[in-house]
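Each remark here refers to the structure printed beneath this line.
Numbering (the numbering used here), first residue to last: 1 to 634.
What follows is the structure, encoded as structure tokens:
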């Protein structure tokens, strides 16, 4: 018998039809990933399984005595209690007593609680809770109010696991977790001895954990066995067939409508059946629910920046005694797409703020190139005015926005981001998290830029919008720097990834997330080989007389460095580069002016030649800069 059976389920939420003849069976030891567009009713479906909501019609049959535990999308914030008291609260029968016992300081109360726990074999459960917390890596006595959001989420999962459920329901379990925590979550769920149903937009997570994908689409549930990648293939095939069937249906309907308009033959008795068929077709067409449209994204491009976008030199940032970034050096060139990842609170947003000039480094410097126009996506939505309407937040009170030289009405522009006219006129404070992120994207792309800096842009976006954002970022005609814990997103868009270790150090790896994994795997193997080689050398050296210091002296002589003249040259290079890039930007501006071509081609040819010569000189300066930096680093 299935653990849960959903049969011919119907549920409306106001005017929205969330379920419309939906069917689903959940079997033992499955790991089901539930996907669908934002607002389709995925969280509502989990609530129905928990018994927190009821269907308008249809049935949900739950196996008798089935133990269900849940992890909500946004666990409540806890002001009191410890990691242990929350984790223990999930234990059946004795959970509340274990929690109270851990917090109680009254001997009489402790004695009563201890007796109850003892009589119900509760100390065995106590050991289970402590074992789970140990696996999480959190001390039992840690106060909940001192924990980060990610660690609170871990403790909430510990409480769910401690209840020893047969069915575990998880709503966006990876939201706001760093990659290390997500990897831990994946392993815990793979080891879970029960059935999982989870909602997620994290494609790596879904691919690693799910044995089946279930899609909620226009009120119906579609099941796809296998991996997330396989689901995409099967879903696209289903939608293609649906589109062909709808096109054929609409073609026949149009023919029948043309026939009925001719009128005379339709009145004949023998054609009454055909008329009834037409009426039935009209009903079917009226009830058809077309798929929700996709977001349409177009970035408003500014004039091209110089080759050098950012030069980061010996950057150190500390807050009190805590060093967040240590001795970081990097160069960001035009066209780079930098992914930034690492543990929560490691300093990723701090680095972004240093690039934006919002915070001052403790030491070192950040130099911004010429003609750089930055637009910033802030994960905390601090740039949004909650009292103003969606439209006013985008157009600053105007009725139109200008996108790449074309004026567009702000309501029409916002429709591209799936905001209805009514929603576009609503205050921002009533929007959901996903809607606020879409608004931020709409605002970001309405302003001209040649550098995009984005802090967690993928949070709360559905899969279709994520795909479109990936495509836009990948083809953006400028430079992109993105903080993200979405491994699939980083893998697709990044040409280079900066990995924070949480101790102030940042490692730069060419490529995306897969390249980061391969890089650290190589390092791990090299360390093993080096350890083995050193052990062999130690044995060999112990059998031979020790060497003299001559070789060390010779090695020291081999060390190179910059001469006095080269040091002076290197010092002057940034200013020369900056001047040349400014000259090129001015020449580009002249070439974009139609007036230049009004009096024949001579003037434009002269400016073009100047621009080409300046570019050649700039390329030589960059090559020399790299050469001197290489010598300086030896």
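Backbone N, C-alpha and C fix where the C-beta goes; we use that ideal spot for every residue, glycine too.
The model shown is predicted, which means the values in this text are computed figures rather than measured ones.
Nearest to residue 192 by alpha-carbon distance, out of 132, 454 and 213, is 132. Counting along the chain, residue 171 sits inside the beta strand (DSSP E) bounded by residues 167 to 171. Residue 247 sits in a helix when the DSSP states are folded into three classes. Here the stretch 21 to 37 lies against the stretch 215 to 229, with 3 or more beta-carbon pairs under 8 Å apart.
Between residue 310 and residue 332, the gap from beta carbon to beta carbon is short of 8 Å. Around the beta-carbon of residue 339, 16 or more other beta-carbon atoms lie within 10 Å, marking it buried. Looking at the DSSP output, residue 159 shares a beta bridge with no other residue.
Here residue 421 carries a helix assignment [DSSP, helix/strand/coil].
The alpha-carbon separation between residue 365 and residue 352 amounts to approximately 13 Å. Contact between residue 20 and residue 220 holds, with the beta-carbon distance rounding to 6 Å and staying under 8 Å. Within the DSSP bridge table, the entry for residue 13 names 16 as partners. As DSSP reads the structure, residue 225 sits in a beta bridge with 212. Counting every other CB atom within 10 Å of its CB across the protein chains shown gives residue 525 a total below 16, marking it as exposed.
The beta carbon of residue 211 is closer than 7 Å to those of 30 and 31 in its chain, skipping five residues each way along the sequence.
In the three-state DSSP reduction, residue 119 falls in the helix class (H, G or I). According to DSSP, residue pairing for residue 179 in a beta bridge does not occur. Residue pairing from DSSP places residue 69 in a beta bridge opposite 168.
Within a 10 Å sphere around the beta-carbon of residue 605 sit fewer than 16 other beta-carbons, which makes this residue exposed.
The closest CA to that of residue 583, considering only 455, 441, 377 and 369, is found on 369.
The three-state secondary structure of residue 360, taken from DSSP, is coil. Assignment of residue 480 by DSSP, reduced to helix, strand and coil, places it in the strand class. For the set 63, 459, 390 and 50, the Cα lying nearest the Cα of residue 428 is the one of 390.
Counting other Cβ atoms within 10 Å of its Cβ, residue 119 stays below 16 and is therefore classed as exposed.
Restricting attention to 182, 619 and 316, the CA atom closest to the CA of residue 136 is found in 182.
Residue 436 has its alpha-carbon roughly 11 Å from the corresponding atom of residue 419.
Residues 256 and 260 of the same chain have their beta carbon placed closer than 7 Å to that of residue 278, with the five preceding and five following residues left out of the count. By the neighbour-count criterion, in which 16 or more other beta carbons inside 10 Å mark a residue as buried, residue 485 falls on the buried side. Between the C-alpha atoms of residue 156 and residue 87 there is a straight-line separation of about 7 Å.
Within its own chain, the residues whose Cβ lies closer than 6 Å to the Cβ of residue 570, once the five positions on either side in sequence are excluded, are 628, listed in chain order.
In the DSSP annotation of this structure, residue 568 is not part of any beta strand (DSSP E); the continuous alpha helix (DSSP H) holding it starts and ends at 564 to 591. The three-state secondary structure of residue 108, taken from DSSP, is helix.
Annotation: residue 578 to residue 611 spans about 15 Å, alpha carbon to alpha carbon. One Cα belongs to residue 422, the other to residue 414, and the distance between them is close to 11 Å.
The C-beta of residue 201 has 16 or more other C-beta atoms within 10 Å across all chains shown, which makes the residue buried.
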